[in-house]
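Peer 1: Please find one structure pasted underneath; my questions will follow.
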Amino acid sequence: MIDQLFEFVQNHPLLVGAFLLVLVAWIAYEIRNSSASGVTAGEATQLVNREDAVVLDIRDKNDFKAGHIAGARNIPQSRLDERMGELEKFKSQPIIVVCKHGQSSGAALAKLTKAGFERAFKLKGGMTQWQADGLPLVKK
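Residue numbering for the sequence shown follows the UniProt record's numbering, starting at 1 and increasing by one per position.
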């Protein structure tokens, strides 16, 4: 079996090289994104309790009313640019960006970082993970 593997590698060096390049790129991408300004629900709770972090919920108004993290501010992602001024007073505090699944918060995080918010984080897994962890929600 090992002999066949070595024979394949010798007969198809471009194919093996391309596979290794894609594998290394994928691993680097996953490592970079797993640690890129993301916090778990437990880490977010600690930031709120210890450092008075601001929770910014970027979901639409109906999703926000259906259930959100206590004390969260709702600014839908589509209106973030025009309402950025509301967050200026929180530049010195950590900001945790929350979306539904933790995927669309990256764009809002980039806008906040560009606007000078140095301690902006996204909630890994979003509200879906928050609920899966059994953490409390406020419904209005």
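C-beta: ideal position from N, C-alpha, C; glycine also. Source: prediction; values computed, not measured.
Over the uninterrupted alpha helix (DSSP H) stretch that includes Phe8, give me the two end residues.
Peer 2: Unbroken alpha helix (DSSP H) run through Phe8: Ile2 to Asn11.
Peer 1: If we ignore side chains and look at the alpha-carbon of each, how far apart do Ala28 and Ala110 end up?
Peer 2: So the two alpha carbons sit approximately 20 angstroms from each other.
Peer 1: Touch check for the region 50-61 and the region 8-28: three-plus C-beta pairs under 8 angstroms?
Peer 2: With the cut-off at 8 angstroms, the region 50-61 and the region 8-28 do not touch.
Peer 1: Indicate the three-state DSSP secondary structure (helix, strand or coil) for Ala120 in the structure shown.
Peer 2: If DSSP states are grouped into helix, strand and coil, Ala120 belongs with the strands.
Peer 1: Starting from the N-terminal side, write out each stretch of the alpha helix (DSSP H) that is 4 residues or longer and does not extend beyond the UniProt domain "Rhodanese" (49-139).
Peer 2: Within the UniProt domain "Rhodanese" (49-139), the complete alpha helix (DSSP H) runs of at least 4 residues are 61-66, 105-114 and 126-132.
Peer 1: By Cβ distance, which residues of its chain are closer than 7 angstroms to Lys100, with the 5 residues on each side in sequence left out?
Peer 2: These residues qualify, in order along the chain: Arg59, Asp63, Gly126, Met127 and Thr128.
Peer 1: Using a Cβ-Cβ cutoff of less than 6 angstroms, which residues in the same chain neighbour Gly38 once the five nearest sequence positions on both sides are dropped?
Peer 2: Taken in chain order, the residues that qualify are Lys122 and Lys124.
Peer 1: So, for Gly75: in the same chain, excluding its five sequence neighbours on each side, which residues have a beta-carbon less than 8 angstroms away from its beta-carbon?
Peer 2: The amino acid at residue 75 is misidentified as Gly; the sequence shows Ile. Leu56, Asp57, Ile58, Arg83, Glu86 and Leu87, listed in sequence order.
Peer 1: Compute the beta-carbon to beta-carbon distance between Pro94 and Leu47, rounded to the nearest angstrom, for a pair I have assumed lies under 8 angstroms.
Peer 2: Pro94 to Leu47, Cβ: 5 angstroms. Contact.
Peer 1: Cα separation between Asp52 and Val24?
Peer 2: Their backbone Cα atoms lie some 39 angstroms apart in a straight line.
Peer 1: Among Phe90, Ser105 and Lys91, which residue has its Cα nearest to the Cα of Val97?
Peer 2: Among Phe90, Ser105 and Lys91, the Cα nearest to that of Val97 is on Ser105.
Peer 1: For Val138, which option in Ile69, Ala107 and Ser78 has the closest C-alpha, if you only look at C-alpha atoms?
Peer 2: Of the candidates Ile69, Ala107 and Ser78, the one whose C-alpha sits nearest the C-alpha of Val138 is Ile69.
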